[in-house]
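Numbering (the working numbering), first residue to last: 5 to 253.
Glycine is no exception: its CB is placed at the ideal position from the N, C-alpha and C atoms.
None of the values given here were measured: they were computed from a predicted structure.
Heads up: the structure comes next, in structure tokens.
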């Protein structure tokens, strides 16, 4: 179980692969895609069911939120925009052929949907910088104060591995071009899972000086710059333990 989002009514949304494990010789799809052929039932890294988003209401009852995106496999990373009433999320679709070729690699994309009164998604809209067979776009975090959607991507032109980007948006959900967060945040390693609260910006990284694997970092934030990146240390980051490994991969 991972990720946390809360809607205007106080319902909590999170990602989970709760369910059974599968014994199958066919590889499953990874949360970051990168598979040409994959199982209909399970993901590659864990052998468990694909990730889905779940809702916990005020009584504690938990129910599954269904993705409306056709052929969804992994469905994760909910992030709620209260003013717009929409939920952003990552999906990996079951694409097996494109332009008459099967020699493709499927990567995650970000979509958003209206969240209705019952806490379920209505419709679906892709962000304009998705490219499911070219590169990954995943781990959305919507920052309503700055009108930015932060996300993780290995799109061309980055600094190496997965980088963090943002795209500005307006009240009509028209998005600007992706902006790389730059060398203060991004490295030749992997950065992912952006989160801002106040004047602090949190993210995970394998490229900054860490304690082993992927650690969690915090930096100072302003509308024009990031600075003073620090490892959050124990008990958040651990030596030789890949913090947020399932999320990042």
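Query raised in the report: Quick one: what does DSSP say residue 114 is sitting in, helix, strand or coil?
Result: Taking the chain shown and counting its residues from 1, one reaches residue 114 at position 110. For residue 114, the secondary structure class from DSSP, reduced to helix, strand or coil, is strand.
Query raised in the report: DSSP three-state call for residue 133: helix, strand or coil?
Result: Against the chain shown, residue 133 aligns to sequence position 129. In the structure shown, residue 133 sits in coil (DSSP, three-state: anything other than H, G, I, E or B).
Query - C-alpha distance - residue 187 paired with residue 113, whole-angstrom precision - result: Position 183 of the chain shown holds residue 187. Position 109 of the chain shown holds residue 113. Between residue 187 and residue 113, the C-alpha separation is close to 24 Å.
Requested in this report: With a threshold of 16 other CB atoms inside 10 Å of the CB of residue 142, please say whether the residue is buried or exposed.
Outcome: Here residue 142 corresponds to residue number 138 of the chain shown, with the count starting at 1. That one is buried.
Requested in this report: Output yes or no for whether 8 Å exceeds the beta carbon distance between residue 170 and residue 152.
Outcome: Stepping through the chain shown from its first residue, residue 170 is reached at position 166. Stepping through the chain shown from its first residue, residue 152 is reached at position 148. Cβ distance < 8 Å, so residue 170 and residue 152 count as in contact.
Query raised in the report: With burial defined as no fewer than 16 other Cβ atoms inside 10 Å of the residue's Cβ, what is the status of residue 214: buried or exposed?
Result: Counting from 1 along the chain shown, the entry for residue 214 is found at position 210. The residue in question, residue 214, is buried, as its Cβ has 16 or more Cβ neighbours within 10 Å.
Query raised in the report: Is residue 191 closer than 8 Å to residue 164 when the C-beta atoms are compared?
Result: Translated into positions along the chain shown, residue 164 becomes position 160. Translated into positions along the chain shown, residue 191 becomes position 187. Result yes, Cβ atoms of residue 164 and residue 191 sit closer than 8 Å.
Query raised in the report: So residue 69 and residue 125 are in contact, right, with Cβ under 8 Å, and what is the actual spacing, rounded?
Result: For this step, residue 69 is matched to residue 65 along the chain shown. For this step, residue 125 is matched to residue 121 along the chain shown. Contact holds; Cβ gap of about 6 Å.
Query raised in the report: Thinking just about the alpha-carbon of each residue, which of 145, 195, 115 is nearest to the one in residue 97?
Result: Here residue 97 corresponds to residue number 93 of the chain shown, with the count starting at 1. In terms of Cα proximity to residue 97, the closest of 145, 195, 115 is 115.
Query raised in the report: Whose C-alpha, out of 110, 66, 221, 211, is nearest the C-alpha of residue 77?
Result: Looking up residue 77 in the chain shown gives position 73. Nearest of 110, 66, 221, 211 to residue 77, Cα basis: 110.
Report task. Check each candidate in 199, 91, 61 and name the one with the smallest Cα separation from residue 224. Result -> For the purposes of this step, residue 224 is identified with residue 220 of the chain shown, where counting begins at 1. For residue 224, the closest C-alpha among the options 199, 91, 61 is that of 199.
Query raised in the report: Taking residue 237 as the reference, which of 177, 221, 228, 231 has the closest Cα?
Result: Numbered from 1 along the chain shown, position 233 holds the residue referred to as residue 237. The residue with the shortest Cα to Cα distance from residue 237 is 221.
Query - Same chain, Cβ closer than 6 Å to residue 158, five either side skipped, listed in chain order - result: Residue mapping note: residue 158 aligns to position 154 of the chain shown, counting from 1. Closer than 6 Å at Cβ, skipping near neighbours: 139, 140, 166.
**Report entry** Other residues of its chain near residue 87: CB distance less than 6 Å, five sequence neighbours each side excluded
**Finding:** Position 83 of the chain shown holds residue 87. When the five nearest sequence neighbours on each side are left out, the beta carbons in the same chain lying within less than 6 Å of the beta carbon of residue 87 are those of 148, in order along the chain.
**Report entry** Simplified DSSP state of residue 127, which is helix, strand or coil
**Finding:** By one-based count along the chain shown, residue 127 stands at place 123. In the three-state reduction of the DSSP assignment, residue 127 falls in the strand class, which pools E and B.
**Report entry** Helix, strand or coil at residue 143 according to DSSP, with G and I counted as helix
**Finding:** By one-based count along the chain shown, residue 143 stands at place 139. If DSSP states are grouped into helix, strand and coil, residue 143 belongs with the strands.
Query raised in the report: Can you list, in chain order, the stretches of the alpha helix (DSSP H) that have 4 or more residues and sit fully within the segment 139 to 205?
Result: With a minimum length of 4 residues, there is no unbroken run of alpha helix (DSSP H) contained wholly in the segment 139 to 205.
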